[in-house]
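K.L.:
Supplied in structure tokens, the structure appears directly below.
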Amino acid sequence: MACAIANAAIEKCYKTLYVRLPDLIQELEERKAMHLSKTVLYKKYARPTLLIIDEWLLQPTTESFCNCLLEIFERRKGLSTVMCTLYEQSEWHNRLGGNVQAESVIDRIVHNCVDIVLGDLNMRAYTSPTKMK
380 MACAIANAAI EKCYKTLYVR LPDLIQELEE RKAMHLSKTV LYKKYARPTL
430 LIIDEWLLQP TTESFCNCLL EIFERRKGLS TVMCTLYEQS EWHNRLGGNV
480 QAESVIDRIV HNCVDIVLGD LNMRAYTSPT KMK
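Residue numbers (our numbering): 380 to 512.
As structure tokens, then:
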């Protein structure tokens with residue numbers, strides 16, 4: 380789903396960046412290990428007109444990463460961000476660490492969002508040539 384949205388946006392000439400949340404976490408950890416500034420990372424994710432984050436909160440996040448998300452979303456004010464997730468919005472707070480930073484991240488998302496809930500629809504299973512009967 381996330382890739383389809385990204386491809387459609389690119390076809391419409393929107394500057395689009397797609398990232399899996401585990402890859403974003405790894406990128407931040409690598410920058411920290413190499414003692415590099417996070418500013419470059421923030422700019423990279425703040426710049427595109429459309430940022431698509433796939434596998435949103437698939438794994439719980441650390442407080443440090445939650446702070447990173449807070450900074451990215453703060454810089455993206457007025458731009459479009461799509462998060463594709465298996466989790467209900469009500470579960471995000473705990474998966475982000477259940478702290479004030481988590482609340483701040485959610486606050487920057489939910490007050491300017493449109494939810495598209497697909498329910499139990501699994502596109503991989505739905506489009507699979509070897510559908511289970």
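A virtual CB, placed ideally from N, CA and C, is assigned to each residue, including glycine. Just so it is clear, the structure is predicted and the values come from calculations on it, not from any experiment.
Is the number of C-beta pairs between the region 414-422 and the region 455-466 that are closer than 8 Å three or more?
P.N.:
No, the region 414-422 does not touch the region 455-466.
K.L.:
So, A381 versus V461, is the Cβ gap smaller than 8 Å?
P.N.:
Looking up residue 381 in the sequence shown gives position 2. Looking up residue 461 in the sequence shown gives position 82. Yes. Within cutoff.
K.L.:
Please tell me whether P427 and T395 are closer than 8 Å, where the distance is taken between their beta carbons.
P.N.:
Indexing the sequence shown from 1 puts residue 427 at position 48. Indexing the sequence shown from 1 puts residue 395 at position 16. In contact: P427 and T395 (Cβ atoms closer than 8 Å).
K.L.:
Taking the alpha helix (DSSP H) that S483 belongs to, which residues open and close that run?
P.N.:
The sequence position of residue 483 within the sequence shown is 104, counting from 1. From DSSP, the alpha helix (DSSP H) with S483 extends over 479-489.
K.L.:
Per DSSP, what kind of secondary structure is R426 in: helix, strand or coil?
P.N.:
The residue given as residue 426 occupies position 47 in the sequence shown. R426 falls in the coil class under three-state DSSP.
K.L.:
Where do the N-terminal and C-terminal ends of the alpha helix (DSSP H) with A396 fall, by residue?
P.N.:
Mapped onto the sequence shown, residue 396 falls at position 17. Going by the sequence as given, residue 396 is Leu instead of Ala. It is not in any alpha helix (DSSP H) - L396 instead sits in the beta strand (DSSP E) that spans 395-399.
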